[in-house]
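Undergrad: Residue numbers (my numbering): 267 to 417.
Have a look at this one.
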């Protein structure tokens, strides 16, 4: 039995990209978790100075037409709102520096907390680790928003 009201999207890495892009278009997802991908997307694609930039990689499928002038990760999260949204972030993840992730997530936090009054529906978990699922704060988030029983 699958409860259609409790289907969430939890994506790691490229799945994290999907967790930002699919739920805004598919309202059936009741929440979204972006793991090991959330960052300042325009900077990551356009910088020729940053070691985190896609300019220096062979990932040909990364560039998305005109995304930089329309949406960044905070705006994609705004399209997910008012549904619950979470970011899972390892301090040693090579996607972006912590400061850049924090900068972009601050806009999400401001939207959920200050503008929409639903600050309890968004969160970021920072953990000491690499580009991986930590399975601690995110499972707590899923338990809370999917009404899982306590273990």
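All C-beta atoms in this analysis are idealised placements derived from N, C-alpha and C, irrespective of residue type, glycine included.
Given a threshold of 16 other Cβ atoms within 10 Å of its Cβ, counted over all protein chains shown, does residue 314 qualify as buried or as exposed?
TA: Exposed is the call here.
Undergrad: What is the rounded straight-line gap between the Cα of residue 357 and the Cα of residue 393?
TA: One C-alpha to the other measures close to 6 Å.
Undergrad: Mapping DSSP to helix, strand and coil, what is residue 366?
TA: In the structure shown, residue 366 sits in a helix (DSSP, three-state: H, G or I).
Undergrad: Round the Cβ separation of residue 387 and residue 348 to the nearest angstrom and send it over; I've been treating them as touching at under 8 Å.
TA: About 7 Å; that satisfies the 8 Å criterion.
Undergrad: Does DSSP put residue 309 in a helix, in a strand, or in coil?
TA: Residue 309: helix per DSSP, three-state reduction.
Undergrad: Could you give the DSSP three-state label for residue 356: helix, strand or coil?
TA: The answer is strand: DSSP assigns residue 356 an E or B state.
Undergrad: Just how far apart, CA to CA, sit residue 408 and residue 329?
TA: Rounded to whole angstroms, residue 408 to residue 329 spans 31 Å at the Cα level.
Undergrad: Between residue 412 and the rest of its own chain, which residues show a CB-CB distance below 7 Å, the 5 nearest in sequence each way excluded?
TA: Counting only Cβ-Cβ distances below 7 Å, and skipping sequence neighbours, we find 272 and 274.
Undergrad: Alpha carbon to alpha carbon, what distance is there between residue 312 and residue 318?
TA: Cα to Cα, residue 318 sits roughly 10 Å from residue 312.
Undergrad: For residue 306, tell me which candidate among 365, 324, 285 and 354 has the shortest Cα-Cα distance.
TA: For the residues 365, 324, 285 and 354, the minimum Cα distance to residue 306 belongs to 365.
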